[in-house]
Structures are given as structure tokens and as C-alpha cells.
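So the protein sequences, as listed, match chains A and B. All residue numbers for the first sequence refer to the numbering used here, where the first residue is 1 and numbers rise by one. All residue numbers for the second sequence refer to the numbering used here, where the first residue is 1001 and numbers rise by one.
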Amino acid sequence: MDKVIQTFELKKTYELAQPVHALRGVDLTIEPGEFVSIMGASGSGKSTFMNILGCLDRPTSGAYRLDGVAVGKLSRNELADIRNEKIGFVFQGFNLLPRTTALENVELPLVYQRRKSSVKPKRKAAECLDRVGLADRSHHQTQQLSGGQQQRVAIARALVNDPSLILADEPTGNLDTGTSRDLMGLFQDLNDQGITIVLVTHELEIARHTNRRVNMRDGLIIQDEPIEDKIDARQDSLNRTGDPTQEGDLTPQ
Amino acid sequence: MKILKLVDVARSSLLKNRLRSLLTMLGIVIGVGAVIVMRAIGDGAQKNIEDRIKTLGTNLIMVRSSSNTFGGVRRGAGSSRTLTLKDPGILKEQCRLIAAVSGIVSTNDQVIGGGTNWFTQIQGVSPEFLTIKSWDLEEGTFFTERDIRARTKVAVLGSSVVENMFSGQVPIGQSIRIRQTPFKVIGVLKAKGQSSFGQDQDDIILVPLTTAAFRLRGDSQYVSQIYVSALSADVMEAAQEEVAQTLRLSHKLIDGQEDDFTVRTQTEITEAFSATTQQLTVLLMFIAAVSLVVGGVGIMNIMLVSVTERTREIGIRVAVGARSIDVLTQFLIEAVVLSVMGGVLGIASAYGICYFLQEYRGMTTIIKPEIVAISLGVSVVIGVVFGLFPARKASQLDPIDALRHE
Chain A
1 MDKVIQTFEL
11 KKTYELAQPV
21 HALRGVDLTI
31 EPGEFVSIMG
41 ASGSGKSTFM
51 NILGCLDRPT
61 SGAYRLDGVA
71 VGKLSRNELA
81 DIRNEKIGFV
91 FQGFNLLPRT
101 TALENVELPL
111 VYQRRKSSVK
121 PKRKAAECLD
131 RVGLADRSHH
141 QTQQLSGGQQ
151 QRVAIARALV
161 NDPSLILADE
171 PTGNLDTGTS
181 RDLMGLFQDL
191 NDQGITIVLV
201 THELEIARHT
211 NRRVNMRDGL
221 IIQDEPIEDK
231 IDARQDSLNR
241 TGDPTQEGDL
251 TPQ
Chain B
1001 MKILKLVDVA
1011 RSSLLKNRLR
1021 SLLTMLGIVI
1031 GVGAVIVMRA
1041 IGDGAQKNIE
1051 DRIKTLGTNL
1061 IMVRSSSNTF
1071 GGVRRGAGSS
1081 RTLTLKDPGI
1091 LKEQCRLIAA
1101 VSGIVSTNDQ
1111 VIGGGTNWFT
1121 QIQGVSPEFL
1131 TIKSWDLEEG
1141 TFFTERDIRA
1151 RTKVAVLGSS
1161 VVENMFSGQV
1171 PIGQSIRIRQ
1181 TPFKVIGVLK
1191 AKGQSSFGQD
1201 QDDIILVPLT
1211 TAAFRLRGDS
1221 QYVSQIYVSA
1231 LSADVMEAAQ
1241 EEVAQTLRLS
1251 HKLIDGQEDD
1261 FTVRTQTEIT
1271 EAFSATTQQL
1281 TVLLMFIAAV
1291 SLVVGGVGIM
1301 NIMLVSVTER
1311 TREIGIRVAV
1321 GARSIDVLTQ
1331 FLIEAVVLSV
1341 MGGVLGIASA
1351 YGICYFLQEY
1361 RGMTTIIKPE
1371 IVAISLGVSV
1381 VIGVVFGLFP
1391 ARKASQLDPI
1401 DALRHE
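Put into C-alpha cells, the structure is as follows:
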């Protein structure tokens, strides 16, 4: 089986007045079904790495294979297709379309799908909302949902095209502790179902919910090791009722 | 399939900004509406003028004697006496392209009758005059060829004369006097209204041609004008030529000698008037077109604002797999949908305004289907032209920057 992510000597240099070496040669391999956290201080190059992994940006040199496809040299349009087919994004700021229902937001990637699909977009989107526990919120508009609920919609959107990889960039950054834990529980559920997840965070507490931790500094990986003291969010959350509408963060963002 | 999805995306994002969409459309609504209304008014004015000129007569050809020079003094058109009482008969006999001919002897005089008097125009004409002028009788009968031969003293009155001398009462059988000669009123003409020159065409008394020539004017063998009606509008020019040639022969003019008469047609008059209104229409259309372009600039303006405002949305779409062309198409469709809807609303309001002008202001307006089609086409083009720049801008945003945009 192909590796989900395989990078070799990945470098990225920004040609400013003084060239900025954001990545100085990163080698990373991620197998299917892994749950990896990427950590690092700001300026460590983790955002740049994340953008390249997400096919939003191209490396200056080095190779990057995503699910067996060499994506390092693809055109802008080909990268768009790769993002559409192989990657699900979850952002810190949720990035949902305003004044749009949860269901329409989840459907969005299917609008741009190029390969033929026999599945009805609406049904597929509804299924994904059900998987994140928001089936009863599908016709609510973005601004009527709480932060935690918005992030769940974003995760449903990431799931809708059956991606090889879910990339989550500080997904809990805008959420309170309780909601964060519930969300990490959802990620762990999804990972248990075999979905590969790469999560960027600067909080050790969040990273401890994953299985492997990659530490970056100055554009290089300085540490890459399995998590020894993993937290299972589903066991540790005492007040979890299984109903996400009962979360403590009902104030809309 | 793909394009339908994008149309749907454009539709829903326009609906989410209802007020802004409406305001953007307003420019196009006004532009398209103005173009159509201006054109409709111009075309209406043109038709009015053509209709009025038609009241002069059907396929009318007018022959007048030309100017003469008397002792070095040139005395102006119609001053020479070259058209004779015989000419109408000769034309009638020899020309194949004409339907009817009437000589005209006109004079102005005081008329006494109905217990009062009135100064009006008296025209001696032949029975065919009514056909030529497409004029009908309101009451009574018209004089015949027998009256012409017998120089009968009968008269047919225009409606203005009846109004002024008999207070609108039917005067048939009554007697009027022109230059001491009593005439019996045998008919009343239908009202024809003003001519395009502002003359009251109904202020007239018609008498037999010969009666006018011999009893009202001294110069018994001459006519002031000859009215000829051509067989159809298509043969106007040929008929005009035929009339001129026949008259030259009849007047025994040799080659190289100038015509002693002038031939004019109704078409020439129509054309002169049309040229004026057409120029006016062009001017109005130009002003309206400018407002349409301003409407287009309005669309571009709002679309640019919209692109900046929706940078994040564009970022999200690109992140989940929208290609540049998808974003470009979405924004282009939005611009075109805006301008086309504006165009449709503009057409609707133009119909409304024209209906109002026609019903409550008595103006003639004509909306030609081709003008409506062209306006709609132009609004599509404006949507594409002015939507392209903002759409291109949107499609070339960098997804990383766009996602970070606040």
C-alpha cells in the first residue's frame, strides 16, 4: 500500500530582499491510518510545511508524493484537483461560507469534483454531517452554529470527498478546553475508522491526543517519536453526553 | 452539468446579497430602459410625421409651373403660367404609371353664406381629386365629369368652413356666394386635420375645375398645379419621370431647354422630415447608450468590491478544489446574471413607461422587437466585458493569502 505522505529533502525559500529559508530539507513519511501531530514554535516552518502538504503551495526543491502521486511539480489546476480528491482541510478559523447552511457547506467540495460519482451530493453531505453528530443541524446557517459546531461542519466538509488525508491546522485554536476535548474525541473516532490525520498544533496537550509527534524548528524536523502518554478524549471527558448540541460554547462566533 | 452547478452557485450568492444585487442592476435597468424608451419615442415621432404627410395624398406627385422672368425680375415658383387646363387630360391619356390626375385652380376669397361670411381658400378640382388625396365625404355628393363640362356652380365644403359659416349644421342645399356668383352646396368633406406644415386642411371649398377657371379667375386656360397619383409607391420615381417627359412633349420643349414646370413627390417631403427626426433619435440613443455604459461600470465597481469582500470565500473554494476557471466562471456568471436581469427589468420598465406615455400623455411610441433584442444582447455583452476584469482578479488570488484574509 502507498504511503500517504512521503517527502524527500523538501525545501522552500521565499525570494525576498533577504532570501528566507522556511524549509531546509524535510524528510517525512506517514503511513495510512496514522494520526500525527506537527508541533513547533512560530517561524519553525510548520505552516509552510502544512501548505505544501496541503498542495496549496509548491516546494522550491525536493520531492513530495501524496498517496503515490508526485505533486511537487503539478500545475495550479492539477493541484486544485488533488486538493479536491485527496485532501480534507480543517482550519483554525473554521472557514465556512457565511449565510450558507451546514449542508451546503459540506457539499462544497463536491461542486468542484471532476470525476463522475454515482452518489448524490446532498445525501453524501448529509451522511458526513451525521458522522460528526450534526444531522439535526444541517439546515442551520453558519452564523447560527456555535464554534464547536462550526468546526464539526468543517470536519464533515473535509470528509465528504473520502480523502486520503485530513489536514487540520490548529483546529482547536479558537475553541475552549471542553469543546477542544470533544473535538479531539471526534478526530480519534475518525482515526479509529482508518482515516489518516495530520494535525498542526502548538499545544502539547492537544498533541498528546495523537499517536505520533513531529517537532519542527528552523525549517527542519528535530524530533519525531510516538506518543507514550496518549490521552483518550472519549474516556477522560466526564461530562460528555454524546450530544454536541449540549456543548458549553453555545455563544455563536 | 458543471456550468449548471456554477450558475446555481452564482444565483445563490446573488440572492444572499439581495439589496446589493438590486442596486447594481439599477444602472443597467435605467440604461436599457432609457435606450428603449428613447428609441420608441423617436420611432413614434417618425411614424406621426409619416402619417401626417400621407394625409397629403396617396403616392402624390405635384406639378407646379416654374418661375418666370419678367423684364429681368424673377418672380418665384408657380409664377409663370405654363400648366394649362389641357395638361391634366394629356397626362391622364398618355401616362401608364398614374392612377388619377387633377388640375387645381386655387384662389382665396371672401365667401358669403349662412347669414355670415368667411375668408377661405377655394380650389377648382376634378372628381379624381378625392381619390388622390384619399379624402371622403361626410355628407352629400361630390361633383362629376358632367359638372366639369357644364361648369356647374356647385360647391363641396371642408369641415372648418361648415363650422365657421353654418355653426356645424349640415348646409346641403343651401346657397353660398363667391365673388357675386351663387354656388349650391352639394357635399361636406370629412375632417382631415392639420397638415404636417400646420395648415388647416379643412378650411377649404372645392368647386369644379372649370367653374373655378372660368367663373372665379380670369385666366381661364391655366391651372395653378396638377396633382397626380402614381399607381403604387414602387413606381413613384418612374411615374415622376413619365409625367415630366409627357409635359415636355405637350409644352413642345426641345432638348436642352429647361423644364417650365417642377415635379415634386410626397416621398421627397417625407425624407426631408425623416432625416430630421432620425438625427434626433440618434442623439437620444447616444445619450441613452452612455447611461448604459455607466451602468456597466457600476457592475464592474460592485463586482470588484465583491471580490475583495469575498476573498476568504474564494480562498475556501480554491482550497477545496475550485480551479481558476471555476472561480472566473462563477464571478463572470454573477456579472452576466446581474446585467441580464437588469436588462430584462429595463425592458419591462420601458414597456411600462411607453404604455404610460401613450395612455396618459397621448404620445405615439413604437417599441420595435429588434431594439428589444439588441438591448438584451448589449446587456449580456456589458456583463461579460465589465465582469471579466473582477472575475480574473478573483481567479488569480493566491489561496494561502486568500484564506488568511480577514
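Ideal placement from N, C-alpha and C gives every residue a C-beta, glycine not left out.
- Using a CB distance below 8 Å, the part of the region 1014 to 1033 of chain B facing chain A consists of Lys1016, ordered along the chain.
- In this structure phenylalanine 1142 of chain B touches valine 1156 of chain B by the C-beta definition: roughly 6 Å separates them, less than 8 Å.
- In this structure, alanine 1402 of chain B and isoleucine 1314 of chain B form a Cβ contact; the two beta carbons are roughly 5 Å apart against a cut-off of 8 Å.
- The beta carbon of asparagine 1117 of chain B sits closer than 6 Å to those of Gln1110, all from its chain and outside the five residues before and after it, given in chain order.
- Judged by DSSP secondary structure, alanine 1100 of chain B falls within the beta strand (DSSP E) whose first and last residues are 1098 to 1113.
- Pairwise C-beta distances place the region 1013 to 1029 of chain B in contact with the region 1340 to 1349 of chain B, as three or more of them are shorter than 8 Å.
- Rounded to the nearest whole angstrom, the C-alpha separation of valine 198 of chain A and arginine 1011 of chain B is 36 Å.
- Between threonine 1084 of chain B and tyrosine 1222 of chain B, the beta carbon gap of about 6 Å places them in contact (Cβ cut-off 8 Å).
- Taken through DSSP and simplified to helix, strand or coil, aspartate 218 of chain A comes out as coil.
- Taking 8 Å as the Cβ-Cβ cut-off, the region 1301 to 1331 of chain B approaches chain A at Arg1312, Glu1313, Gly1315, Ile1316, Arg1317, Val1318, Ala1319, Val1320, Gly1321, Ala1322, Arg1323, Ser1324, Ile1325 and Asp1326, given in chain order.
- By the neighbour-count criterion, in which 16 or more other beta carbons inside 10 Å mark a residue as buried, lysine 124 of chain A falls on the buried side.
- Contacts with chain B (Cβ-Cβ distance below 7 Å) from the region 160 to 172 of chain A involve no residue at all.
- A direct Cα-to-Cα measurement between glycine 1114 of chain B and glutamine 1358 of chain B gives close to 41 Å.
- DSSP lists B:Ile1112 as the beta-bridge partner residues of asparagine 1117 of chain B.
- Annotated three-state conformation of proline 1390 of chain B is helix, per DSSP.
- For a cut-off of 8 Å, the C-beta gap from threonine 196 of chain A to glutamate 85 of chain A is around 14 Å, too long to register as a contact.
- When 8 Å is used as the limit between beta carbons, phenylalanine 89 of chain A is near these residues of chain B: Ala1319 and Val1320, in chain order.
- Per DSSP, reduced to three states, the secondary structure at glycine 185 of chain A is helical.
- One Cα belongs to serine 1160 of chain B, the other to isoleucine 1122 of chain B, and the distance between them is close to 13 Å.
- Note on threonine 29 of chain A: under 16 other CB atoms within 10 angstroms of its CB, so exposed under the neighbour-count rule.
- Contact annotation: in the region 1374 to 1403 of chain B, residues whose CB is within less than 8 Å of a CB in chain A are Pro1399, Ile1400 and Leu1403.
- In the three-state reduction of the DSSP assignment, isoleucine 1353 of chain B falls in the helix class.
- Neighbours of asparagine 174 of chain A in chain B, taken as residues whose beta carbon is under 7 Å from its own, are absent, since the nearest beta carbon is some 14 Å off.
- The three-state secondary structure of threonine 7 of chain A, taken from DSSP, is strand.
- For alanine 1319 of chain B, the secondary structure class from DSSP, reduced to helix, strand or coil, is helix.
- Remark: fewer than three beta-carbon pairs, one from each stretch, lie closer than 8 Å, so the region 203 to 215 of chain A and the region 112 to 131 of chain A are not flagged as touching.
- In this structure, the alpha-carbon of alanine 1213 of chain B lies about 16 Å from that of tyrosine 1227 of chain B.
- For valine 1009 of chain B, the chain A residues whose C-beta falls within less than 8 Å of its own C-beta are Val111, listed in chain order.
- Rounded to the nearest whole angstrom, the C-alpha separation of leucine 56 of chain A and leucine 1284 of chain B is 53 Å.
- Interface with chain A (9 Å Cβ-Cβ cutoff): serine 1012 of chain B is included.
- Within a 10 Å sphere around the beta-carbon of valine 1170 of chain B sit fewer than 16 other beta-carbons, which makes this residue exposed.
- Note that the C-beta distance between glycine 88 of chain A and valine 160 of chain A is below 9 Å.
- About 15 Å separates the beta carbon of isoleucine 1176 of chain B from that of glutamate 1139 of chain B, a gap too long to meet the 8 Å contact definition.
- Within the region 48 to 80 of chain A, Asn51, Leu56, Asp57, Arg76, Asn77 and Ala80 place their CB atoms closer than 7 Å to a CB of chain B, listed in sequence order.
- The C-beta of lysine 1005 of chain B comes closer than 9 Å to at least one C-beta of chain A.
- By the Cβ criterion, the region 63 to 82 of chain A is in contact with the region 1317 to 1337 of chain B, since at least three pairs of Cβ atoms, one from each stretch, lie closer than 8 Å.
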